[in-house]
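Numbering (the numbering used here), first residue to last: 8 to 406.
Written as structure tokens, this is what we have:
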């Protein structure tokens with residue numbers, strides 16, 4: 008049985024099933040490990056880990072500790088409380104119309120990010136006019152329809168991750184800014200900051216960034232230096248908004264002080280840094296990486312809720328309301344056994360999106376697509392989120 012325990016409860020003989028903090032944030036070669044001595048526990052505490060999941064079938068138990076299922080149900084209940092949108096964000100055009108323009112914008116953004124990283128690699132200054140130009144196009148697309156570019160940004164090829172991650176964080180930040188009611192100038196600065204938030208990685212050896220196994224402590228230190236490299240690069244960049252710079256400097260800080268490079272706590276971290284920390288980890292976890300599996304969006308939103316010690320709980324709730332519990336372009340299974348691609352968020356309840364049904368799991372066959380508004384009393388509800396790869400479904404083809 009899988010249980011969640013505090014690190015103070017760990018003892019020799021227990022088997023850690025999951026460190027509950029992400030693969031990159033702990034020093035062990037595997038995400039599961041048997042505790043064989045006190046040094047293992049000390050190492051876990053030193054890395055700022057507060058709670059872990061243990062497997063009682065492979066090691067000692069902790070009486071009274073909540074099971075994984077109990078924790079999941081509690082988190083889901085909390086998420087359901089924020090399922091009613093506070094703000095009625097109406098799109099100007101439907102996702103099906105905007106998706107055509109969004110594909111061209113994504114293509115242009117990818118080339119822009121490639122070019123600016125290549126310029127920085129060779130010591131050339133960042134051309135802010137080019138960054139601002141594509142950021143404006145992204146903002147205008149998201150103001151017309153939030154779901155089109157957001158759904159497309161989740162589609163990444165393995166060799167494009169570094170570039171697409173920057174684009175995805177920009178898209179998420181623009182959407183977040185729109186949701187929070189920021190003005191155009193600030194929303195654009197959030198987009199620019201997303202595009203540039205990891206620019207310092209170009210100064211980190213490629214072998215470290217592309218390594219498929221656990222980084223050594225020295226390599227991890229080198230990788231974390233990308234934030235300092237970003238500071239130097241952006242301080243030398245003319246006409247860049249301070250908001251964009253703060254995103255680059257603060258997106259790895261955590262409100263409990265366990266982040267880097269400054270180990271800042273709470274409000275010491277700029278609001279834009281706290282926002283970009285959420286967007287950064289959300290995109291990283293919903294992407295296939297060489298060292299971790301791809302998580303479906305709803306699973307990541309639950310983790311963000313659970314990791315409230317790292318991220319602003321208020322901003323996480325707003326982020327969930329922004330994207331929706333079932334984001335546009337994600338795949339869901341209905342209680343009827345039908346699979347559908349989310350087209351729009353429910354206007355009154357985020358648990359009741361509009362979906363385009365494409366597959367029948369009971370008959371194991373694709374079907375002629377049709378739309379269902381789950382807010383209408385048709386007797387069907389979302390049962391779970393699904394990874395499209397499992398069903399060989401490309402959600403973007405149905406938008």
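We put the CB at the ideal spot given by N, CA and C, even for glycine.
Less than 6 Å between C-beta atoms, sequence neighbours within five positions excluded: which residues of the same chain meet that for residue 357? Here residue 357 corresponds to residue number 350 of the chain shown, with the count starting at 1. Within the same chain, residue 357 has close Cβ partners 90, 331, 332.
Tell me the residue span of the beta strand (DSSP E) that contains residue 337. Reading the chain shown from its first residue, position 330 is the one you call residue 337. Residue 337 -> no beta strand (DSSP E), and no H or E assigned at all.
For residue 168, which residues does DSSP report across the bridge? Numbered from 1 along the chain shown, position 161 holds the residue referred to as residue 168. As DSSP reads the structure, residue 168 sits in no beta bridge.
What span of residues does the beta strand (DSSP E) with residue 59 cover, start to end? What you label residue 59 is simply residue 52 of the chain shown in a count that begins at 1. Taken as a continuous stretch (DSSP letters only), the beta strand (DSSP E) holding residue 59 covers 58 to 62.
Whole-angstrom distance between residue 199 and residue 235, CA atom to CA atom: In the chain shown, residue 235 corresponds to position 228, counting from 1. In the chain shown, residue 199 corresponds to position 192, counting from 1. If I take the Cα positions, the gap works out to 18 Å.
Out of 325, 290, 48, 141, state which residue places its alpha-carbon closest to the alpha-carbon of residue 20. The residue given as residue 20 occupies position 13 in the chain shown. Per the Cα distances, 48.
Quick check on this structure: which residue in 348, 76, 221 has the alpha carbon closest to the alpha carbon of residue 37? Start at 1 with the first residue of the chain shown, and residue 37 comes out as number 30. Minimum Cα distance to residue 37 is reached at 221.
Quick one: what's got a C-beta closer than 6 Å to residue 402's C-beta in the same chain, skipping five residues either side? Translated into the one-based positions of the chain shown, residue 402 becomes position 395. Excluding sequence neighbours, residue 402 sits near 336, 338, 348, 395.
Who are residue 341's beta bridge partners in DSSP? Numbered from 1 along the chain shown, position 334 holds the residue referred to as residue 341. Beta bridge pairing from DSSP links residue 341 with 389.
Residue 40 - partner residues in DSSP beta bridges: One-based indexing of the chain shown puts residue 40 at position 33. Partner(s): 23.
Output the boundary residues of the alpha helix (DSSP H) element that contains residue 248. Indexing the chain shown from 1 puts residue 248 at position 241. Here residue 248 belongs to no alpha helix (DSSP H), and DSSP marks it neither H nor E.
Restricting to runs no shorter than 4 residues, where is the alpha helix (DSSP H) found entirely within the segment 269 to 318? 278 to 292, 304 to 313
Validate contact between the segment 163 to 180 and the segment 284 to 291 using beta carbons, cut 8 Å, 3 pairs: yes
Test item: CB-CB of residue 276 and residue 318 under 8 Å: By one-based count along the chain shown, residue 276 stands at place 269. By one-based count along the chain shown, residue 318 stands at place 311. With a cutoff of 8 Å on beta-carbon distance, residue 276 and residue 318 are scored as not near each other.
Between the beta-carbon of residue 250 and the beta-carbon of residue 197, is there less than 8 Å? Within the chain shown, numbered from 1, the residue matching residue 250 stands at position 243. Within the chain shown, numbered from 1, the residue matching residue 197 stands at position 190. Yes, the Cβ-Cβ distance between residue 250 and residue 197 is below 8 Å.
Which of helix, strand or coil DSSP assigns to residue 320: Taking the chain shown and counting its residues from 1, one reaches residue 320 at position 313. In this structure, residue 320 counts as helix in the three-state DSSP scheme.
Label residue 372 either buried or exposed according to how many other C-beta atoms from any shown protein chain fall within 10 Å of its C-beta, with 16 as the threshold for buried. Along the chain shown, read from residue 1 onward, the residue named residue 372 stands at position 365. Exposed, since its Cβ has fewer than 16 Cβ neighbours within 10 Å.
Assuming residue 118 is part of the alpha helix (DSSP H), what are its boundary residues? Position 111 of the chain shown holds residue 118. Run containing residue 118: 102 to 128, per the alpha helix (DSSP H) assignment.
Let's see if you can read the secondary structure: which residues bound the alpha helix (DSSP H) around residue 191? In the chain shown, counting from the first residue as 1, residue 191 sits at position 184. Counting along the chain, the alpha helix (DSSP H) containing residue 191 begins and ends at 191 to 203.
Give me the Cα-Cα distance between residue 303 and residue 393, rounded to the nearest whole angstrom. On the chain shown, residue 303 is found 296 positions in, with the first residue counted as 1. On the chain shown, residue 393 is found 386 positions in, with the first residue counted as 1. Looking at the two C-alpha atoms, the distance is approximately 7 Å.
How close, in whole Å, do the beta carbons of residue 201 and residue 254 come, if the pair is a contact with beta carbons under 8 Å? For the purposes of this step, residue 201 is taken as the residue at position 194 of the chain shown. For the purposes of this step, residue 254 is taken as the residue at position 247 of the chain shown. Their Cβ separation, rounded to whole angstroms, is 7 Å, which keeps residue 201 and residue 254 in contact under 8 Å.
Would residue 114 be called buried (16 or more neighbouring beta carbons within 10 Å of its own) or exposed? Within the chain shown, numbered from 1, the residue matching residue 114 stands at position 107. By the 10 Å Cβ count, residue 114 comes out exposed.
Residues of its chain near residue 387, where Cβ-Cβ distance is below 7 Å and the 5 sequence neighbours each way are ignored: What you label residue 387 is simply residue 380 of the chain shown in a count that begins at 1. The residues are 341, 342, 343, 379, 381.
Since I believe residue 155 is in contact with residue 105 (beta carbons under 8 Å), could you give me their beta-carbon distance rounded to a whole number of angstroms? Counting from 1 along the chain shown, the entry for residue 105 is found at position 98. Counting from 1 along the chain shown, the entry for residue 155 is found at position 148. About 4 Å; that satisfies the 8 Å criterion.
C-alpha gap between residue 162 and residue 170, whole angstroms: As a first step, residue 162 must be located in the chain shown, where it is residue number 155. As a first step, residue 170 must be located in the chain shown, where it is residue number 163. C-alpha separation (whole angstroms): 12 Å.
So what does residue 380 bridge to, in DSSP terms? Here residue 380 refers to the residue found at position 373 of the chain shown. Paired residues: 361.
Measure the alpha-carbon distance for residue 57 versus residue 17 and round it to whole angstroms. Mapped onto the chain shown, residue 57 falls at position 50. Mapped onto the chain shown, residue 17 falls at position 10. Distance between the alpha carbons of residue 57 and residue 17 is about 11 Å.
Sequence-distant residues of its chain with Cβ nearer than 8 Å to residue 293 (five each side left out): Along the chain shown, one-based indexing puts residue 293 at 286. If the five residues before and after residue 293 are omitted, its C-beta is found closer than 8 Å to the C-beta atoms of 161, 301, 302, 303, 304, 307, all from its own chain and listed in chain order.
The beta strand (DSSP E) with residue 12 in it runs from where to where? The residue labelled residue 12 in the question sits at position 5 within the chain shown. From DSSP, the beta strand (DSSP E) with residue 12 extends over 9 to 13.
What is the rounded straight-line gap between the Cα of residue 69 and the Cα of residue 10? Here residue 69 refers to the residue found at position 62 when the chain shown is read from its first residue. Here residue 10 refers to the residue found at position 3 when the chain shown is read from its first residue. Taking the straight line joining both Cα atoms gives about 8 Å.
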